[in-house]
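Asks: Numbering (the working numbering), first residue to last: 810 to 1296. Once you've had a glance at the structure underneath, I'll fire off some questions.
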Ligand code: UN1
């Protein structure tokens, strides 16, 4: 079986920590061996990045943008191959894997255009003959730590703005999807990104991720993953620019005036698409009590019919979970739900004997204080909660520590706007599910979902650049701000 290497300073090199394997979650078979990077490998990558960064940031931003456009073109060309590889490595169904690669194309194209913008502001001075503006500077060497659930798109959300802003990167992907990372890195190399600007180190969070987070020369960290790791990063990164995209416990409110079939489609897609493994996945349905029974029956009917299987099979609706631990986690939460007194309507068990499959699971009679209604499960486990008034629904929506995505199905514009105003989340959808963010809008959340950063769109540029305020005094004399002001 192939042994894949790290990419440091433009060379594919072995690590000093041995290798580990990546597993196909449908077959449980290994698909390749990857480097288990040690802290010393991370240090070499940081040194290479430091050397390359100045030269890279001196290249005019429009030219950097052109290189990003080449990455987009290569991604487009390789879309099918990458999507298949992604399905093989982490399980999501092929149509979704294609969407994942497309999201990377989209962000690469968007950020390529930023090469000709990277706008600052100009603003008047309080003094005569003085000019004020802001310009953007790179952060420097940044560490990027990415998850397995969007193994091409999420790295691209971080890499593309980082590159167009003139940073150099040390990237550690999840150990569940190192092959996707190697393949994306190869495209980046082929597109002409200079040696040392993007460095790839694979391996478990400890020691490689730890070394990235703590490294003194690292100026920024961008992480997407669990809340606990995010908390650890804030405690260990020291003074760095840190961007965090953490968990979610996203809900869908269904009003009694909603189009129920439309809502049903949205719930099935939000809860069981990507086997529930999106930060934006819907894990709570907050449904008006008048339509609860009808909705519940229809939902269970649909959930039971979903076909589980390999994501490469075009008949499959729901692929496997990413690994054995994920199956155990879903099972653990099902047991917790039962003990807490929630009523299991369907699913609640593993599917088949080979592969990490778990049946789409629906609980009802769930109350907001139950753990299944509060904690992120990251699997196909959905909780139904009922309400009488919109205010109550919004209160339930907000009764969790997270605040990433949210949705309301209603045909009443007042309800829609009240939800937009009162839901505490980074994203609110009206008459659409909780998943499906587009790359030119800010992506991120409030409360324990993050630390205020928003990825993608123009906010992606903010995450990966520093702002400098520039004052140009052409009066030829000392002018004291706040003091020599004309009144
Ligand atoms: C994630 O799950 O971390 O909005 C990202 C969506 C996708 C991105 C999800 N475009 O569901």
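Cβ atoms here follow ideal geometry from the backbone N, Cα and C, with glycine treated the same way. Source: prediction; values computed, not measured.
Could you check which residue in 932, 874, 814 and 911 has the C-alpha nearest to that of residue 926?
Replies: Of 932, 874, 814 and 911, the residue nearest in Cα terms is 874.
Asks: For residue 1305, I'd like the list of residues in its chain whose CB is within less than 6 angstroms of its CB, leaving aside the five on either flank, ordered along the chain.
Replies: Nothing in the structure corresponds to residue 1305, since the chain is present only between 810 and 1296.
Asks: Evaluate residue 1059 with the Cβ neighbour count: other Cβ atoms within 10 Å of its Cβ, from every protein chain shown; 16 or more gives buried, anything less gives exposed.
Replies: Classification of residue 1059: buried, given that the 10 Å Cβ count is 16 or more.
Asks: Do residue 970 and residue 864 have their C-beta atoms within less than 9 angstroms of each other?
Replies: In this structure, residue 864 does not lie closer than 9 angstroms to residue 970 by Cβ.
Asks: What is the DSSP secondary structure of residue 873, counted as helix, strand or coil?
Replies: Helix, per DSSP.
Asks: Ignoring anything shorter than 3 residues or poking outside the region 1070-1110, list the beta strand (DSSP E) runs there in chain order.
Replies: Counting only runs of 3 or more, we get 1091-1097.
Asks: Grouping DSSP H, G and I as helix and E and B as strand, with all else coil, what is residue 815?
Replies: Strand, per DSSP.
Asks: Let me know if residue 919 comes out buried or exposed under the rule of 16 or more other beta-carbons within 10 Å of its beta-carbon.
Replies: Buried, because 16 or more other Cβ atoms sit within 10 Å of the Cβ of residue 919.
Asks: Excluding five sequence neighbours on each side, which residues of the same chain lie with their C-beta closer than 8 angstroms to the C-beta of residue 1294?
Replies: Here the set comprises 935 and 936.
Asks: Does the Cβ of residue 1044 have 16 or more other Cβ atoms within 10 Å, making it buried, or fewer, making it exposed?
Replies: Counting Cβ neighbours within 10 Å, residue 1044 comes out exposed, since fewer than 16 surround it.
Asks: Could you give the uninterrupted runs of the beta strand (DSSP E) lying entirely in the region 920-1003, keeping only those of 3 residues or more?
Replies: Correct list: 931-933, 939-947, 950-955 and 977-982.
Asks: In the DSSP assignment, find the beta strand (DSSP E) that holds residue 1283 and state where it starts and stops.
Replies: Note, residue 1283: premise wrong, no beta strand (DSSP E); not H, not E.
Asks: According to DSSP, is residue 779 helix, strand or coil?
Replies: Not covered by the structure: residue 779. The range shown for the chain is 810 to 1296.
Asks: Closest Cβ-Cβ distance between residue 1148 and chain B: below 9 angstroms?
Replies: No chain B appears in this structure, which consists of one protein chain only.
Asks: Any idea what DSSP makes of residue 867, helix, strand or coil?
Replies: Helix, per DSSP.
Asks: Quick check on the burial criterion: 16 or more other C-beta atoms within 10 angstroms. Buried or exposed for residue 1290?
Replies: Flag for residue 1290 reads exposed.
Asks: Could you tell me the boundaries of the alpha helix (DSSP H) in which residue 1044 lies?
Replies: Element bounds for residue 1044: 1036-1045.
Asks: Do you know how far the Cα of residue 834 is from the Cα of residue 1168?
Replies: Rounded to the nearest angstrom, the two C-alpha atoms are 15 angstroms apart.
Asks: Could you give the DSSP three-state label for residue 1221: helix, strand or coil?
Replies: Coil at residue 1221, not helix or strand.
Asks: Taking Cβ positions, are residue 1193 and residue 1145 nearer each other than 9 angstroms?
Replies: Result no, Cβ atoms of residue 1193 and residue 1145 do not sit closer than 9 angstroms.
Asks: For residue 1130 and residue 930, what's the separation of their Cα atoms in angstroms?
Replies: In a straight line, the C-alpha of residue 1130 is about 46 angstroms away from that of residue 930.
Asks: Determine the DSSP secondary structure at residue 1257, reduced to helix, strand or coil.
Replies: Reduced to three states, the DSSP call for residue 1257 is coil.
Asks: Using the C-alpha atoms, what's the distance from residue 1268 back to residue 1053?
Replies: Looking at the two C-alpha atoms, the distance is approximately 13 angstroms.
Asks: Are the CB atoms of residue 819 and residue 1005 nearer to each other than 9 angstroms?
Replies: Closer than 9 angstroms, so yes.
Asks: Use the C-beta contact count for residue 1047: other C-beta atoms within 10 angstroms, 16 or more gives buried, fewer gives exposed.
Replies: So residue 1047 ends up on the exposed side.
Asks: Would the beta-carbon of residue 1351 fall within 9 angstroms of that of residue 976?
Replies: Nothing in the structure corresponds to residue 1351, since the chain is present only between 810 and 1296.
Asks: Drop a sphere of 10 angstroms on the beta-carbon of residue 1278, count the other beta-carbons inside from all chains shown, and report buried for 16 or more, exposed for fewer.
Replies: Residue 1278 is exposed by the Cβ-count criterion.
Asks: According to DSSP, is residue 1239 part of a helix, a strand, or is it coil?
Replies: Reduced to three states, the DSSP call for residue 1239 is strand.
Asks: For residue 1252, is the beta carbon positioned less than 8 angstroms from some heavy atom of the ligand UN1?
Replies: Flag set: Cβ of residue 1252 near the ligand UN1.
Asks: Using a Cβ-based criterion (distance less than 8 angstroms to any ligand heavy atom), does residue 1005 qualify as near the ligand UN1?
Replies: Residue 1005: no, Cβ never under 8 angstroms from the ligand UN1.
Asks: Grouping DSSP H, G and I as helix and E and B as strand, with all else coil, what is residue 1012?
Replies: In the structure shown, residue 1012 sits in coil (DSSP, three-state: anything other than H, G, I, E or B).
Asks: Between which two residues does the alpha helix (DSSP H) harbouring residue 891 extend?
Replies: 888-899 is the span of the alpha helix (DSSP H), which, as asked, contains residue 891.
Asks: Relative to the C-alpha of residue 1257, which residue among 1189, 1088, 837 and 955 is closest?
Replies: Selected option, being the one with the closest Cα: 1088.
Asks: Count the C-beta pairs between the region 1035-1044 and the region 1059-1071 that are closer than 8 angstroms, then say yes if the count reaches three, no if not.
Replies: As far as the Cβ criterion goes, the region 1035-1044 does not touch the region 1059-1071, which means the pair count is below three.
Asks: What does the Cβ neighbour count give for residue 1008, buried or exposed, with the cut at 16 atoms within 10 Å?
Replies: Burial call: buried.
Asks: Would you call the region 1229-1236 in contact with the region 1104-1118, where contact means no fewer than 3 C-beta pairs closer than 8 angstroms?
Replies: Short answer: they don't touch.
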